[in-house]
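J.: What follows is a single structure, and I will ask about it in a moment.
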Amino acid sequence: MAVDGEAAEDKRRLLGMRAPMRQPGCSTLPLPVTPLRRGGAVTTASSTKSIPRSGRVRLQPGHSALDWQALSQSHGSRGTFIHGLDASSKWWDYFMVLQHPASVKQLQMGVPTYRIQPPLRVDKMVLESTKENDWCVLKGRVYCITDYLDFHPGGVQILVKNCRGKDATRLFEKYHRWVNLEQVLACCVVGVYVS
Ligand code: HEM
């Protein structure tokens, strides 16, 4: 019996499971194991059903982090993630005045915004005028996150509500300061924020 008990304990340890509580006077037979929460899901040996962590949403098929990375390489790298940078916009002339002549030249030549040096400059007025295109400030940079919305593990609504036309750095740091923003949104960079 002691051997069975040790074996059960070893199994629990291996599976990362918690030893169940034993009441005084109860049988010494090995008890069923209780699964521990690991990462975003609860799993048991007999079931692979996952329970989403609070705050996480179930992403649509084809919207994983790897899918986003592939899309960034195939499309984003060509500058297609930037929306709203339109010469017919009311704020265009004002926006042009903010820019370094070398940046304007690169923009006219079709260089993707994330590669323009010195970076394009965006101020509060332009940021607020591009709300509809989901421009937002994160750690001093301006990103267009329209194409990322459906890939966000925390959901679309939380981004739309807290990012559009705003500086969402504080919230970003609050929820996940470990996320490598510069890498995930590398192709979504419009430029730098100037106040
Ligand atoms: C636009 C820039 C953002 C990017 C690139 C981003 C990226 C991510 C990533 C990669 C995760 C998964 C984290 C993990 O697996 O550990 C995540 C989860 C999440 N994000 Fe964001 N995020 C952004 C902005 C925000 C903002 C501004 C908020 C809040 C207002 C937010 C709220 C959340 C929440 C609630 C989750 C789920 C947390 C959890 O797993 O428990 N995110 N985000």
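For the sequence shown, my numbering assigns the number 1094 to the initial residue and increments by one for each residue that follows.
Here a beta-carbon is modelled for each residue, glycine too, at the ideal position from N, C-alpha and C.
#1: Quick check on the contact list: which residues have their beta carbon closer than 6 Å to a heavy atom of ligand 1?
#2: In chain order, what are the residue ranges of uninterrupted alpha helix (DSSP H) at least 4 long that sit wholly in the segment 1140-1189?
#3: Take the Cβ of R1234 as the centre, count every other Cβ of all protein chains shown within 10 Å, and call the residue buried at 16 or more, exposed below.
#4: Going by the DSSP bridge assignment, what does L1213 pair with across the sheet?
#5: What are the boundary residues of the alpha helix (DSSP H) that includes L1200?
#6: Helix, strand or coil for L1278 per DSSP?
#7: Specify the secondary structure class of L1191 as computed by DSSP and reduced to three states.
#8: Can you give the Cα-Cα distance for K1259 and V1272, rounded to whole angstroms?
#9: Roughly how many whole angstroms lie between the Cα atoms of M1189 and D1227?
#10: Who are the Cβ neighbours of Q1192 in its own chain at under 8 Å, not counting the five residues just before and after it?
#11: In the DSSP assignment, the alpha helix (DSSP H) including R1263 goes from what residue to what residue?
#12: Spatial neighbours of K1232 within its chain, please: CB distance less than 7 Å, with the 5 preceding and 5 following residues excluded, ordered by chain position.
#13: Can you tell me where the beta strand (DSSP E) with L1231 in it begins and where it stops?
#14: Pull up the CB-CB distance for T1206 and I1175, whole angstroms please, since I reckon it's below 8 Å.
#15: Is it buried or exposed for A1240, if we count other Cβ within 10 angstroms and need 16 for buried?
#16: Would you mind stating whether D1216 and Q1153 have Cβ atoms separated by less than 8 Å?
#17: Could you check if L1252 is buried or exposed, using at least 16 other CB atoms within 10 Å of its CB as the buried criterion?
#18: So E1221 and G1177 are supposed to be a Cβ contact under 8 Å. How far apart are they, rounded?
#19: Can you name the start and end residues of the beta strand (DSSP E) that V1235 belongs to?
#20: What residue does the alpha helix (DSSP H) around K1259 start on, and which one ends it?
T.: Reading it off the structure:
#1: R1146, G1148, R1149, L1231, I1238, H1245, P1246, G1247, I1251, L1252, N1255, C1256, A1261, L1264, F1265, Y1268, H1269, V1272, L1274, V1277 and L1278
#2: 1158-1167
#3: The sequence position of residue 1234 within the sequence shown is 141, counting from 1. R1234 comes out buried.
#4: In the sequence shown, residue 1213 corresponds to position 120, counting from 1. Answer by DSSP bridge pairing, in chain order: G1284.
#5: Within the sequence shown, residue 1200 is the residue found at index 107, counting from 1. P1194 to Q1201 is the extent of the alpha helix (DSSP H) around L1200.
#6: For the purposes of this step, residue 1278 is identified with residue 185 of the sequence shown, where counting begins at 1. DSSP places L1278 in the coil class of the three-state scheme, outside both helix and strand.
#7: Translated into positions along the sequence shown, residue 1191 becomes position 98. Correct three-state label for L1191: coil.
#8: Residue 1259 sits at position 166 when you count from the first residue of the sequence shown. Residue 1272 sits at position 179 when you count from the first residue of the sequence shown. Looking at the two C-alpha atoms, the distance is approximately 19 Å.
#9: As a working note, residue 1189 is residue 96 in the sequence shown. As a working note, residue 1227 is residue 134 in the sequence shown. Going from the Cα of M1189 to the Cα of D1227 covers about 20 Å.
#10: As a position in the sequence shown, residue 1192 is number 99, starting the count at 1. For Q1192, where only same-chain residues beyond five positions count, the Cβ hits under 8 Å are L1200, L1213 and R1214.
#11: Here the question's residue 1263 lines up with position 170 in the sequence shown. Its alpha helix (DSSP H) spans residues T1262 to H1269.
#12: Mapped onto the sequence shown, residue 1232 falls at position 139. Result list for K1232: T1262 and L1274, in chain order.
#13: Taking the first residue of the sequence shown as position 1, residue 1231 is located at position 138. Residues W1228 to L1231.
#14: Residue 1206 sits at position 113 when you count from the first residue of the sequence shown. Residue 1175 sits at position 82 when you count from the first residue of the sequence shown. The pair is a contact, with the Cβ atoms about 5 Å apart (cut-off 8 Å).
#15: In the sequence shown, counting from the first residue as 1, residue 1240 sits at position 147. Checking the displayed sequence, the identity of residue 1240 turns out to be Asp instead of Ala. By the 10 Å Cβ count, D1240 comes out buried.
#16: Start at 1 with the first residue of the sequence shown, and residue 1216 comes out as number 123. Start at 1 with the first residue of the sequence shown, and residue 1153 comes out as number 60. Contact annotation: D1216 and Q1153 have beta-carbon atoms that are not nearer than 8 Å.
#17: Here residue 1252 refers to the residue found at position 159 when the sequence shown is read from its first residue. With 16 or more other Cβ atoms within 10 Å, it is buried.
#18: Your numbering for residue 1221 matches position 128 in the sequence shown. Your numbering for residue 1177 matches position 84 in the sequence shown. The pair is not a contact, with the Cβ atoms about 12 Å apart (cut-off 8 Å).
#19: Along the sequence shown, one-based indexing puts residue 1235 at 142. Per DSSP, V1235 belongs to the beta strand (DSSP E) from R1234 to C1237.
#20: For the purposes of this step, residue 1259 is taken as residue 166 along the sequence shown, with counting starting at 1. Taken as a continuous stretch (DSSP letters only), K1259 belongs to no alpha helix (DSSP H), as it is neither H nor E.
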